[in-house]
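There are 2 protein chains.
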Amino acid sequence: MRSYIAVDVGGTQIRAACYLEDNLEPACVQRIATHSPGESPLERLMAAIQSVWPENGPVQAIGVAAPGPLDPYQGVVLSAPNIPGWINLPLQRRLEERFNVKVATGNDANLAALGEWRFGAGQGHHHLIYLTVSTGIGGGVIVDDRLLLGARGLAAELGHVTVMPDGPLCGCGHRGHLEAISSGTAIARWVQQEIAQGRNSSLPAGRALTSKQVAEAARQGDELAIAALARAGTFMGIALAGLLHTFNPSAIIIGGGVSQSGSLFFDPMRAALRDNVMTPDYLKDLVIATAALGDSAGLMGALALAHMSAD
Amino acid sequence: MRSYIAVDVGGTQIRAACYLEDNLEPACVQRIATHSPGESPLERLMAAIQSVWPENGPVQAIGVAAPGPLDPYQGVVLSAPNIPGWINLPLQRRLEERFNVKVATGNDANLAALGEWRFGAGQGHHHLIYLTVSTGIGGGVIVDDRLLLGARGLAAELGHVTVMPDGPLCGCGHRGHLEAISSGTAIARWVQQEIAQGRNSSLPAGRALTSKQVAEAARQGDELAIAALARAGTFMGIALAGLLHTFNPSAIIIGGGVSQSGSLFFDPMRAALRDNVMTPDYLKDLVIATAALGDSAGLMGALALAHMSAD
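Line order of the protein sequences matches chains F and P. Residue numbers for the first sequence follow numbering that gives the first Met the number 0, so the first one is 0 and each next one is one higher. Residue numbers for the second sequence follow numbering that gives the first Met the number 0, so the first one is 0 and each next one is one higher.
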């Protein structure tokens, strides 16, 4: 029986799974920490793949979702957050040499988009924008049923469009990017700054906050927390209006922890989207949905990639 | 001998040309006003096509570039600036019925991008962004050697990404779009406003200005005019950084009248691009060029479309 292996490599954990034929339920799953004394992350990745290798029948292809910027054409990880040694790592070649099967690699947010399009909330759409809003903001775009990669595979970094020139500093070192305003990190930071400036809140002053705490306080009626989610949602809507004018998709899929904040984030986002879109044509039949695959989106995207590269 | 007809329909003039085989020099060209008493623009368009119809041999296809939003899948003009009657006009069907050959239509800025990619400054690039900066700002994008159209054909409206929330009012009725800051109209308006507020300039107060006059004054050393072009170029660079992160193209082609302003526009644009791009990877081997086809870009794009639709 033909099988496929999908792997999602994160900064803290590696997940590997084996799938038989077109079955979407894995025959075997392995989940291990990315880091362990005495073993490199690449060795651990190889061990995870080996542990799900099927006993019967050939593996058609391995699909790998990796964090950070990556050249999907060459299968080279340019750098990876929380995996310091992975700089210009020829991941595809190393795995092909080790396992002697076809290997395809992709950026994790890109592959989450591919996963949602192939198996999740974006099924049936030919043009789709996917955004994952958690500590950072990652993106993936489907154009004409194909993943948008660009000349060097660095496309769809949708968290890094400027929505506020001279705005807050982004994790990438530049100002006013969407990620610097609407990510979970940015939401928590804004609340802390406002509290430090004397605004009332049920949230504690002078302590590190998470966006999850902010969302919980907002649900309890905390006005500052509500304003923080509204601000993040509003700028997300402004950015999405620009992305609608740019891509004219039929679906927008939002994943990541912040998307769990519900209407406190989504209502201001939808309002800003309506206010900033050029003509209602862009909103006609537009589906706006939360991601369906949760934290399996990257793994399922790696599976889709394995299917496609074996064809 | 096989031939193709290309047409560029503008608000003031219609151009039609006939091309033989793969020849890029037209065998015959017609240029007439779009509006004339007693005749509708559609009748005039049909007459222009008829006037370049070859005497010998079949026409393979007609490609038409039309202004304004257009559904290229159905060949329907949704609306057209300066052609009031063209609302939901089934242009493709009307022309196919009249001439009994295959007709393909496209938005003029999209087809200018296609023209530059196929025959002009973008040849050989698989991923390309085209912007035309004149009274407004239009755009076109090539992704994987294909024109980006989107679900309804409304993609690549790159003049309508927000670069300054609550910024100046755009022609589309929304605030802070790139077109409201970096277009020729916006450049001239900003200079007028600054003069009205008492800033010194060699340009006259209280009179309508054109961006061409501003560019000329800037070349003569007028500081306000220089600042106006620098402001427009800077925001163009900010928007382009976001578009690089979005599309990761290998070429950016800039056309339109404002692109004639030279380094007074392009130097600030390049500086802002460098300042706002996440990593130098996006700039590596990136070609930034002015358009090569001038005001023939739309016509040449219509020819490329005719070639493609006949294949």
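We put the CB at the ideal spot given by N, CA and C, even for glycine.
Proximity to residue i [Cα-Cα], best of the options
i, options, result
"K211(F)", "T134(F), E156(F), N247(F)", "T134(F)"
"N55(P)", "M299(P), S2(P), G67(P), D266(P)", "S2(P)"
"T184(F)", "R174(F), A195(F), G170(F)", "G170(F)"
"P66(P)", "V75(P), A60(P), P80(P)", "P80(P)"
"D266(F)", "R230(F), D284(F), V6(F)", "R230(F)"
"P25(F)", "E215(F), V51(F), D274(F), T245(F)", "V51(F)"
"D280(P)", "E156(F), N109(F), L130(F)", "E156(F)"
"H176(F)", "A179(P), P164(P), I180(P)", "P164(P)"
"G121(F)", "R145(F), I136(F), V102(F), F98(F)", "R145(F)"
"L263(P)", "P53(P), L243(P), R218(P)", "R218(P)"
"I252(F)", "L23(F), A291(F), V28(F), L148(F)", "A291(F)"
"L302(F)", "A60(F), E42(F), G232(F), P36(F)", "A60(F)"
"V6(P)", "A238(P), N106(P), I186(P)", "N106(P)"
"A32(P)", "A15(P), G205(P), G74(P), M235(P)", "A15(P)"
C-beta neighbour in chain F for residue i, strict 9 Å
i, result
"V276(P)", "yes"
"D294(P)", "no"
"R230(P)", "no"
"P68(P)", "yes"
"D144(P)", "no"
"H34(P)", "no"
"K101(P)", "no"
"L298(P)", "no"
"L77(P)", "yes"
Contact with chain P by residue i, beta-carbon distance below 9 Å
i, result
"T245(F)", "yes"
"M235(F)", "no"
"S17(F)", "Note that residue 17(F) corresponds to Cys in the displayed sequence, not to Ser. Output row for C17(F): interface = no."
"S132(F)", "Here the sequence assigns Val to residue 132(F), which means Ser is not the residue at that position. No, its Cβ sits nowhere closer than 9 Å to a Cβ of chain P."
"G172(F)", "yes"
"A240(F)", "yes"
"A51(F)", "This sequence places Val at residue 51(F); Ala is not what is there. Chain P contact via Cβ: absent."
"H306(F)", "no"
"V28(F)", "no"
"L148(F)", "yes"
"V140(F)", "yes"
"L88(F)", "no"
"K211(F)", "no"
Coarse secondary structure for residue i, derived from DSSP in three states
i, result
"I237(P)", "helix"
"L69(P)", "strand"
"S35(F)", "strand"
"R269(P)", "helix"
"L113(P)", "helix"
"A250(P)", "strand"
"I141(F)", "strand"
"K211(F)", "helix"
"V28(F)", "strand"
"H244(P)", "helix"
"T278(P)", "coil"
"T184(F)", "helix"
"H306(F)", "helix"
"A288(F)", "strand"
"I136(P)", "strand"
"L41(P)", "helix"
Under 7 Å by beta carbon: chain F residues contacting residue i
i, result
"R151(P)", "N247, D280"
"A154(P)", "T245, F246, N247"
"V160(P)", "G241, H244, T245"
Where residue i meets chain F, residues with beta-carbon distance less than 8 Å
i, result
"L157(P)", "H244, T245"
"L223(P)", "Near L223(P) there are no residues of chain F at all, since even the closest Cβ is about 21 Å away, more than 8 Å."
Residues bridged to residue i [DSSP beta-bridge criterion]
i, result
"N106(F)", "A65(F)"
"I13(F)", "V8(F), I31(F)"
"L146(F)", "I141(F)"
"K101(F)", "A60(F)"
"R174(F)", "L168(F)"
"V75(P)", "D70(P)"
"I128(F)", "V140(F), I251(F)"
Contacts of residue i in chain P (Cβ-Cβ under 9 Å)
i, result
"G220(F)", "Within 9 Å Cβ-Cβ: nothing; G220(F) doesn't reach chain P, min ~28 Å."
Chain P residues whose Cβ lies nearer than 8 Å to that of residue i
i, result
"M327(F)", "The first residue shown for chain F is 0 and the last is 310, placing residue 327(F) beyond what the model contains."
"L168(F)", "Residues of chain P passing the Cβ test: none, with the nearest at roughly 13 Å."
Proximal residues of chain P, C-beta to C-beta of residue i below 7 Å
i, result
"L113(F)", "Going along chain P, no residue has its Cβ under 7 Å from L113(F), so there is no contact; the nearest lies around 15 Å."
Interface flag, residue i vs chain B, CB-CB below 9 Å
i, result
"L110(F)", "Absent here is chain B; the protein component of the structure consists of chains F and P."
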